[in-house]
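Take the working numbering: the last position of the sequence shown gets the number 490, and nothing is skipped along the way. See below for the structure under consideration.
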Amino acid sequence: MAQKTWKTYNTAVESFKNFRSAYNLHDIWPAPLSDLIFYIAFLSFKGLSASTVLTYMSGISYQHKIQDLTDSTKSFLVGKTLEGLKRSNPKKNDLRVPISIDLLRKLIRSLQHVCFSSYESVMFASAFSLSFFALLRVGEIAAESKTDLGAHVIQISDVSVVKFDHKEELRLCIRSSKTDQLHSSLTLIISEQIDKSLCPIHLLKQFLQIRYPSSGSNLYIHFDGSSLTRYQFSSILQKSLSFSEINGHFRAHSFRIGGATEAKRLGVDDETLKKWGRWTSDAYTKYIRVKTIWLIGSSIVYWANKEASSRPGGLHLGLQNTGAHMIWIGQRGMKWGDLNRVFEQRLLNRPLPSFLVIQLGSNDLGISTSEKLFSDIECDLLRLHALYPALKIIWSDILMRRYWHNANCGQAIERARKRVNLRVKNLVLSIGGCAIRHSNIRAKESNLFRYDGTHLSKIGNDIYLNNLQGALEQFMRSGGPAVFPQ
Numbered sequence: 005m006a007q008k009t010w011k012t013y014n015t016a017v018e019s020f021k022n023f024r025s026a027y028n029l030h031d032i033w034p035a036p037l038s039d040l041i042f043y044i045a046f047l048s049f050k051g052l053s054a055s056t057v058l059t060y061m062s063g064i065s066y067q068h069k070i071q072d073l074t075d076s077t078k079s080f081l082v083g084k085t086l087e088g089l090k091r092s093n094p095k096k097n098d099l100r101v102p103i104s105i106d107l108l109r110k111l112i113r114s115l116q117h118v119c120f121s122s123y124e125s126v127m128f129a130s131a132f133s134l135s136f137f138a139l140l141r142v143g144e145i146a147a148e149s150k151t152d153l154g155a156h157v158i159q160i161s162d163v164s165v166v167k168f169d170h171k172e173e174l175r176l177c178i179r180s181s182k183t184d185q186l187h188s189s190l191t192l193i194i195s196e197q198i199d200k201s202l203c204p205i206h207l208l209k210q211f212l213q214i215r216y217p218s219s220g221s222n223l224y225i226h227f228d229g230s231s232l233t234r235y236q237f238s239s240i241l242q243k244s245l246s247f248s249e250i251n252g253h254f255r256a257h258s259f260r261i262g263g264a265t266e267a268k269r270l271g272v273d274d275e276t277l278k279k280w281g282r283w284t285s286d287a288y289t290k291y292i293r294v295k296t297i298w299l300i301g302s303s304i305v306y307w308a309n310k311e312a313s314s315r316p317g318g319l320h321l322g323l324q325n326t327g328a329h330m331i332w333i334g335q336r337g338m339k340w341g342d343l344n345r346v347f348e349q350r351l352l353n354r355p356l357p358s359f360l361v362i363q364l365g366s367n368d369l370g371i372s373t374s375e376k377l378f379s380d381i382e383c384d385l386l387r388l389h390a391l392y393p394a395l396k397i398i399w400s401d402i403l404m405r406r407y408w409h410n411a412n413c414g415q416a417i418e419r420a421r422k423r424v425n426l427r428v429k430n431l432v433l434s435i436g437g438c439a440i441r442h443s444n445i446r447a448k449e450s451n452l453f454r455y456d457g458t459h460l461s462k463i464g465n466d467i468y469l470n471n472l473q474g475a476l477e478q479f480m481r482s483g484g485p486a487v488f489p490q
């Protein structure tokens, strides 16, 4: 058992003992069911989170096991009490922000300005890079104190740089970790990065050239031979963020979160990612902060998807640099009434997206009145918002056309289009969504449309995709305006 876990369990048992003493309850084991339920209520009343209470119960459970007693914490009533506590006090979202490749580059550049010596800046550059690319926990890169070797801290003997297939690779031995208390060990193989300014191999070699000559010690030590500490690692990170004028809930663990997110973005499969990060459960999914964007629509989306594949930004419109992933769902002839079916079918074997961009309604104009169409849209969007409150709904305006099929009067359809767009825009804003206006796609500009006057030409698709990209970049920024263009 990890020393930290042992200390936590001892704290839990001592807390339970003090509780029973304060309320004149006998200190007997196995603990009576009534004592445990009262104790859970007591901890909840004190304001402890459900996860903390669960940890305390794990400590009490362990006390039963080491005494070879019947574990009363596993009773049905205790389990139901804990479930009720979770529902009444849901776990808060992990607010820690992942460090991206671009941000890692900025942080490393800033070190020469925030560190007091060139030795320190070289050391922290290597530590930052290795933390990111090896998905390291802070306890694997830094010790608790300057004199502490640390139970899981990487030592100088754990790293080696070797030539393989005409390229250099870093071999990093993780002797033990939070999830490997038996020291089974794992060797990670880390490849070179094209950008030398953030390459973990290049930066490590630079550090090893100037490192204090101490063989039996932690990898990252100061010039005087003392260990790099958690406090120092976190402190320099915050100074680098401040110097770079970067705001956000960044912590030392942000390197691990960012590394996992980047690996997933590059297509690393789940089992490999779990192995790299030394995760023994599905907890790794909480570290992956890829923002998935679904774009659902009719032929506008269908043809834009094909055009996007040949653009420099690709199918993800260049948004992959921000950790975003686009999924195109374009069906020619699709009408508003198809939305729920298509969305629910896609959701059967995929996680809920972060953003849902809707490009629908044009095939309904001329068939339904604007009032009926808006009523249907309102009903479905409110339903989606109620079922999936975490989903950000983005309305993409119904585009102009040079020719409306099934319409006796094109001007009447144009007026209906404007009414629907305005009302839906106000609706999505009222439920925390966003809206994209395509005011630069005008029917009078014939070169934006194909010969049929309905579908967009290559130029028209380029403008449409530029609008999408600009809007999504704006919407993904925290606090950015909810309408594009502003």
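Just so it is clear, CB atoms sit at the ideal spot from N, CA and C, and this is done for glycine as well. Treat the numbers as computed from the prediction; the structure is a model and nothing was measured.
Thr373: not part of any beta strand (DSSP E); DSSP gives it neither H nor E.
In the structure shown, the three-state DSSP call for Val157 is coil.
Counting only residues of its own chain and dropping the five nearest sequence neighbours on each side, Ile417 has a CB closer than 6 Å to the CB of Leu369, Gly370, Trp408, Ala411. When the beta-carbon positions are compared, Ile402 and Leu385 stay at least 8 Å from each other.
Secondary structure of Ser149 (DSSP, three-state): coil. The Cβ-Cβ distance between Cys438 and Ala486 falls below 8 Å. C-alpha of Phe237 to C-alpha of Ala26: approximately 41 Å in a straight line. Here Gln71 carries a coil assignment [DSSP, helix/strand/coil]. For Phe359, the closest alpha carbon among the candidates Gln478, Gln242, His442 is that of Gln478. Two segments are said to touch when three or more pairs of C-beta atoms, one from each, lie closer than 8 Å; by this definition the stretch 376-392 touches the stretch 426-445. A residue is called buried once 16 or more other Cβ atoms fall within 10 Å of its Cβ, and Asp273, having fewer, is exposed.
Counting the other Cβ atoms within 10 Å of the Cβ of Gln67 gives 16 or more, which makes it buried. Counting the other Cβ atoms within 10 Å of the Cβ of Asp39 gives 16 or more, which makes it buried. A direct Cα-Cα distance of roughly 15 Å separates Asp456 from Gly337. The C-beta of Ser314 has fewer than 16 other C-beta atoms within 10 Å across all chains shown, which makes the residue exposed. Only exposed fits Ser450, as fewer than 16 other CB atoms lie within 10 angstroms of its CB. Pairwise C-beta distances place the stretch 247-262 in contact with the stretch 135-145, as three or more of them are shorter than 8 Å.
Straight-line spacing of the CA atoms in Lys171 and Glu124 works out to 28 Å. The beta carbon of Leu37 sits closer than 8 Å to those of Ser76, Ser79, Leu81, Val82, all from its chain and outside the five residues before and after it, given in chain order. Residue pairing by DSSP places Lys396 opposite Phe359 in a beta bridge. DSSP, reduced to helix, strand and coil, places Leu245 within a helical segment of the structure shown. If the five residues before and after Asn444 are omitted, its C-beta is found closer than 8 Å to the C-beta atoms of Ile467, Asn471, all from its own chain and listed in chain order. Each of Met330, Arg454, Lys376 was checked against the Cα of Arg423, and the nearest Cα belongs to Lys376.
By the C-beta criterion, the stretch 149-167 is judged not to be in contact with the stretch 269-283, since fewer than 3 inter-stretch pairs fall below 8 Å. In the three-state DSSP reduction, Gly262 falls in the helix class (H, G or I).
The Cβ atoms of Leu299 and Ile333 sit closer than 8 Å to each other.
No Cβ-Cβ contact shorter than 8 Å links Gly322 with Pro102. Residue pairing by DSSP places Lys84 opposite no residue, since no beta bridge is assigned to it. Beyond the five residues adjoining it in sequence on each side, His442 comes within less than 6 Å, by CB distance, of Asp401, Leu403, Asn471 in the same chain, given in chain order. For His329, the closest alpha carbon among the candidates Ser374, Leu207, Ser302, Glu266 is that of Glu266. Between Arg405 and Thr458, the beta carbon gap of about 5 Å places them in contact (Cβ cut-off 8 Å).
Residue range 171-178 is occupied by the beta strand (DSSP E) that includes Lys171. Residue burial is scored here from C-beta neighbours: Ala147 has at least 16 other C-beta atoms within 10 angstroms and is therefore classed as buried. By the C-beta density criterion, Gly484 is exposed, having fewer than 16 other C-beta atoms within 10 angstroms. Short of 8 Å from the beta carbon of Pro316, and not among the five residues preceding or following it, lie these beta carbons of its own chain, in chain order: Gly322.
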